[in-house]
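Notes follow once the structure below has been shown.
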Amino acid sequence: MMGGVAVGSPATGFKIILPPDPAILKQLKVGDKVLLSGTVYTARDAAHKRIAGALERGEVLPFDPCGQVIYYVGPTPAGLTPGGHRRVIGSAGPTTSGRLDVYTPALLQAGLAAMIGKGQRGPEVIEAIRTYQAVYFAAVGGTGALLSQKIISAEVVAYPELGPEAIYQLTVDDFPVVVAVDCLGNDLTLRP
Amino acid sequence: MKSIHVNDIINTVANLCVEVNCCLGDDVVRVLREAYEKESAELGRDALAQILENAEIARRERLPICQDTGLAVFFVEVGQDVLIEGGNLEEALHEGVRRGYRQGYLRSSVVDDPFVRRNTGDNTPAVIHMNVCDGNLLKITFMPKGAGSENMSGLRMLSPSDGLEGVMDFVVETVAQAGGNPCPPIIVGVGAGGSMEKACLLAKQALLRDVGQANSEPRLAEIEKELLRRINGLGIGPAGYGGRVTALAVHLDVFPTHIAMLPVAVNINCHAVRHGEVIL
Numbered sequence: 016m017m018g019g020v021a022v023g024s025p026a027t028g029f030k031i032i033l034p035p036d037p038a039i040l041k042q043l044k045v046g047d048k049v050l051l052s053g054t055v056y057t058a059r060d061a062a063h064k065r066i067a068g069a070l071e072r073g074e075v076l077p078f079d080p081c082g083q084v085i086y087y088v089g090p091t092p093a094g095l096t097p098g099g100h101r102r103v104i105g106s107a108g109p110t111t112s113g114r115l116d117v118y119t120p121a122l123l124q125a126g127l128a129a130m131i132g133k134g135q136r137g138p139e140v141i142e143a144i145r146t147y148q149a150v151y152f153a154a155v156g157g158t159g160a161l162l163s164q165k166i167i168s169a170e171v172v173a174y175p176e177l178g179p180e181a182i183y184q185l186t187v188d189d190f191p192v193v194v195a196v197d198c199l200g201n202d203l204t205l206r207p
Numbered sequence: 040m041k042s043i044h045v046n047d048i049i050n051t052v053a054n055l056c057v058e059v060n061c062c063l064g065d066d067v068v069r070v071l072r073e074a075y076e077k078e079s080a081e082l083g084r085d086a087l088a089q090i091l092e093n094a095e096i097a098r099r100e101r102l103p104i105c106q107d108t109g110l111a112v113f114f115v116e117v118g119q120d121v122l123i124e125g126g127n128l129e130e131a132l133h134e135g136v137r138r139g140y141r142q143g144y145l146r147s148s149v150v151d152d153p154f155v156r157r158n159t160g161d162n163t164p165a166v167i168h169m170n171v172c173d174g175n176l177l178k179i180t181f182m183p184k185g186a187g188s189e190n191m192s193g194l195r196m197l198s199p200s201d202g203l204e205g206v207m208d209f210v211v212e213t214v215a216q217a218g219g220n221p222c223p224p225i226i227v228g229v230g231a232g233g234s235m236e237k238a239c240l241l242a243k244q245a246l247l248r249d250v251g252q253a254n255s256e257p258r259l260a261e262i263e264k265e266l267l268r269r270i271n272g273l274g275i276g277p278a279g280y281g282g283r284v285t286a287l288a289v290h291l292d293v294f295p296t297h298i299a300m301l302p303v304a305v306n307i308n309c310h311a312v313r314h315g316e317v318i319l
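Chains as they are written, first to last, in our numbering: chain X, 16 to 207; chain Y, 40 to 319.
Here's what the structure looks like:
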């Protein structure tokens with residue numbers, strides 16, 4: 016579903032449906048608390064390297080990043096609950112975004128709407144976020160067990176041979192994040 | 040002489056891998072609760088509440104606390120009156136990791152070569168530090184070390200003239216540079232003295248203390264306190280969202296060094312400081 020709604024206020028937090036309505040992303044301010052529901056794609060180091068190569072060579076990507084959200088995560092394998100049921104996914108918290116900075120401007124140029132990760136972004140990424148009117152959301156690092164409970168479906172869509180680094184399409188439900196860089200390039204994190 | 044069969048070591052290590060990755064230590068939970076009470080920044084408090092809830096869910100659901108279930112680091116003390124039967128001790132540790140990570144659905148995060156970077160698929164090899172000691176016991180300490188905080192760690196070979204002030208400046212500078220990346224609130228392990236690699240080992244082993252347990256030497260405990268004060272003055276805050284709790288503790292250990300050397304290593308650990316030990 017394209018489009019979406021932002022419900023709530025800065026105090027209680029907003030709820031946003033993914034893929035996000037660009038007009039709603041533009042309303043978000045750095046430090047806003049947001050609950051995300053809908054589709055995200057996972058990608059971290061190895062997948063980014065492959066996507067960047069494919070973009071450079073003008074090849075078809077495993078998913079069209081235009082208007083979508085990428086979550087920087089490499090989950091643990093989906094094990095069994097204490098009751099013996101197969102989980103949707105294992106522990107699934109954010110990885111450090113800064114390692115992906117080198118690949119990010121090209122993805123934003125290709126239309127990527129937002130990213131979810133942890134930690135600070137470099138100046139080139141913040142500039143690209145401003146240029147392409149995107150948003151960088153932060154989730155709390157080291158809360159993979161909690162965040163896994165906010166993921167209601169998971170399917171590998173590319174690079175299964177990369178194991179935890181494969182690209183998954185996830186459906187999230189009230190996934191808690193904070194706006195760490197808004198579309199004006201305002202940055203929540205302190206910079207050295 | 041006491042005999043220990045490798046099969047006992049393998050099973051013990053496999054269980055330890057799962058237990059340590061799913062159950063956060065009581066010492067860490069207690070300090071996190073105190074941090075939640077202390078933190079006044081709203082987003083920082085929210086982050087701490089999520090971190091505490093995460094620990095509860097992980098324990099109850101037997102889910103890894105963090106998806107980065109780490110590089111498997113071991114500190115092993117082998118009593119010189121211990122006889123290992125049925126195979127090789129190091130291989131038993133690797134096999135324990137292999138089984139524990141598979142049975143516990145933990146992530147395989149190890150690549151075979153720093154340049155080729157193919158995932159080994161079973162989280163081996165482990166990094167093993169082995170020491171021989173008196174007696175007939177085998178003590179195995181397991182510490183899964185995640186990349187987020189390990190990548191933010193650092194070493195500097197200072198000059199003796201830089202002194203304590205130079206050491207403290209380097210520690211604070213390393214934490215400031217790390218910002219929100221290593222999943223604050225962090226625990227900071229500091230090793231000063233020895234040689235290059237000894238300083239690094241001291242810093243890592245300092246992370247094995249109960250969180251916030253001061254160095255038993257009062258003069259070093261004072262330095263730890265001062266470092267914690269300076270680090271928490273940086274304002275990085277929980278998750279890097281801003282706030283007064285950037286570190287939960289600083290653990291410093293020192294060792295004699297060369298007349299011309301002053302090595303200092305800073306090993307940063309995320310809030311989920313995971314380790315456990317067994318004695319066979």
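Glycine included, each C-beta is placed from N, C-alpha and C at the ideal position.
Test item: CB-CB of residue i and residue j under 8 Å
i	j	result
Leu87 (chain Y)	Gly46 (chain X)	no
Val136 (chain Y)	Thr159 (chain Y)	no
Ile182 (chain X)	Ala173 (chain X)	yes
Val166 (chain Y)	Leu110 (chain Y)	yes
Leu91 (chain Y)	Cys61 (chain Y)	no
Tyr87 (chain X)	Leu122 (chain X)	no
Glu124 (chain Y)	Ser234 (chain Y)	no
His290 (chain Y)	Gly228 (chain Y)	yes
Cys309 (chain Y)	Ile225 (chain Y)	yes
Pro191 (chain X)	Gln106 (chain Y)	no
Val284 (chain Y)	Ala97 (chain Y)	no
Interface partners of residue i on chain Y, CB under 7 Å
i	result
Ser163 (chain X)	Leu102
Pro113 (chain X)	Reading off the sequence shown, one finds Gly at residue 113 (chain X), where the question assumed Pro. Those are Asn220, listed as they occur along chain Y.
Cross-chain neighbours of residue i in chain Y, by beta carbon under 9 Å
i	result
Pro191 (chain X)	Asp85 and Gln89
Leu228 (chain X)	Since the first and last residues shown for chain X are 16 and 207, residue 228 (chain X) lies out of range.
Residue i burial status per 10 Å Cβ neighbour count (16 or more: buried)
i	result
Leu339 (chain Y)	Residue 339 (chain Y) is absent from the model: chain Y starts at 40 and stops at 319.
Ser198 (chain Y)	exposed
Asn170 (chain Y)	exposed
Asp197 (chain X)	buried
Glu180 (chain X)	buried
Asn271 (chain Y)	buried
Tyr156 (chain Y)	Note on identity: in this sequence residue 156 (chain Y) is Arg, with Tyr being the wrong assignment. Its Cβ having fewer than 16 others within 10 Å, Arg156 (chain Y) is exposed.
Glu263 (chain Y)	buried
Val171 (chain X)	exposed
Thr146 (chain X)	exposed
Pro97 (chain X)	exposed
Pro183 (chain Y)	buried
Met207 (chain Y)	buried
Leu203 (chain Y)	exposed
Met16 (chain X)	With a pLDDT of 35 at Met16 (chain X), under the threshold of 50, the modelled position of that residue is not reliable, and the figure given next carries that caveat. Met16 (chain X) comes out exposed.
Gly219 (chain Y)	buried
Listed by chain order, chain X residues near residue i by CB distance under 8 Å
i	result
Ala311 (chain Y)	Gly157
Ser147 (chain Y)	Gly178 and Pro179
Beta-carbon proximity list for residue i, same chain, < 7 Å, skipping 5 on both sides
i	result
Ala217 (chain Y)	Met191 and Ile307
Gly18 (chain X)	In this predicted model, Gly18 (chain X) has a pLDDT of only 42, less than 50, meaning its place in the structure is not dependable; the value taken from the coordinates is given anyway. Answer for Gly18 (chain X): Asp36, listed in chain order.
Gly94 (chain X)	Arg102 and Gly105
Gly68 (chain X)	none
Val59 (chain Y)	Phe181, Pro183, Arg313, His314 and Gly315
Own chain partners of residue i with C-beta closer than 6 Å, once the 5 adjacent residues on each side are dropped
i	result
Gly139 (chain Y)	Ala53, Cys56 and Val57
Thr119 (chain X)	Val140
Ile179 (chain Y)	Val115 and Val317
Ala169 (chain X)	Val103, Ile104, Tyr183 and Leu185
Tyr280 (chain Y)	Leu82, Gly83 and Ala86
Proximal chain X residues relative to residue i, where beta-carbon distance stays under 7 Å
i	result
Cys105 (chain Y)	Ser106, Gly108, Gly157 and Gly159
Thr108 (chain Y)	Thr91
Glu73 (chain Y)	Per Cβ cutoff of 7 Å: no residues; Glu73 (chain Y) is ~18 Å from chain X at best.
Glu92 (chain Y)	Leu161
Ile96 (chain Y)	Ala160, Leu161 and Gln164
Asn158 (chain Y)	Gly178
Closer than 8 Å at the beta carbon, the chain Y residues around residue i
i	result
Ala153 (chain X)	Gly219, Ala278, Gly279 and Tyr280
Gly54 (chain X)	The amino acid at residue 54 (chain X) is misidentified as Gly; the sequence shows Thr. Within 8 Å Cβ-Cβ: nothing; Thr54 (chain X) doesn't reach chain Y, min ~20 Å.
Contact set for residue i: own chain, Cβ-Cβ below 8 Å, skip 5 residues either direction
i	result
Asn93 (chain Y)	Ile104
Leu203 (chain X)	Val45, Gly46, Ala153, Val193, Val194, Ala195 and Val196
Proximal chain X residues relative to residue i, where beta-carbon distance stays under 9 Å
i	result
Ala286 (chain Y)	None at all; the shortest Cβ gap to chain X is about 14 Å.
Pro254 (chain Y)	One detail in the question is off: residue 254 (chain Y) reads as Asn in this sequence, not Pro. Near Asn254 (chain Y) there are no residues of chain X at all, since even the closest Cβ is about 26 Å away, more than 9 Å.
Between the region 80-106 of chain X and chain Y, which residues of the former have a C-beta closer than 9 Å to a C-beta of the latter?
Within the region 80-106 of chain X, the residues whose Cβ lies closer than 9 Å to some Cβ of chain Y are Val88, Gly89, Pro90, Thr91, Pro92, Ala93, Gly94, Leu95, Thr96, Pro97, Arg102, Gly105 and Ser106, listed in chain order.
Chain X contacts made by the region 263-283 of chain Y, where a contact means CB separation under 9 Å
So the close ones are Leu273, Gly274, Ile275, Gly276, Pro277, Ala278, Gly279, Tyr280 and Gly281.
Interfacial residues, the region 125-150 of chain X to chain Y, with Cβ spacing under 9 Å
Going along the region 125-150 of chain X in chain order, one finds Lys133, Gly134 and Gln135 with a Cβ nearer than 9 Å to chain Y.
Listed in chain order, which residues of the region 218-229 of chain Y have Cβ atoms closer than 7 Å to some Cβ of chain X?
Here the close residues are Gly218, Gly219, Asn220 and Cys222.
The region 44-70 of chain X: positions lying closer than 8 Å to chain Y by Cβ:
For the region 44-70 of chain X, the residues whose beta carbon sits under 8 Å from a beta carbon of chain Y are, in order, Gly46, Lys48 and Ala61.
Which residues, in chain order, does the region 291-309 of chain Y contribute to contact with chain X at a C-beta distance below 9 Å?
Going along the region 291-309 of chain Y in chain order, one finds Cys309 with a Cβ nearer than 9 Å to chain X.
What are the residues in the region 186-204 of chain Y lying within 8 Å of chain X by C-beta distance?
Residues Ala186, Gly187 and Asn190.
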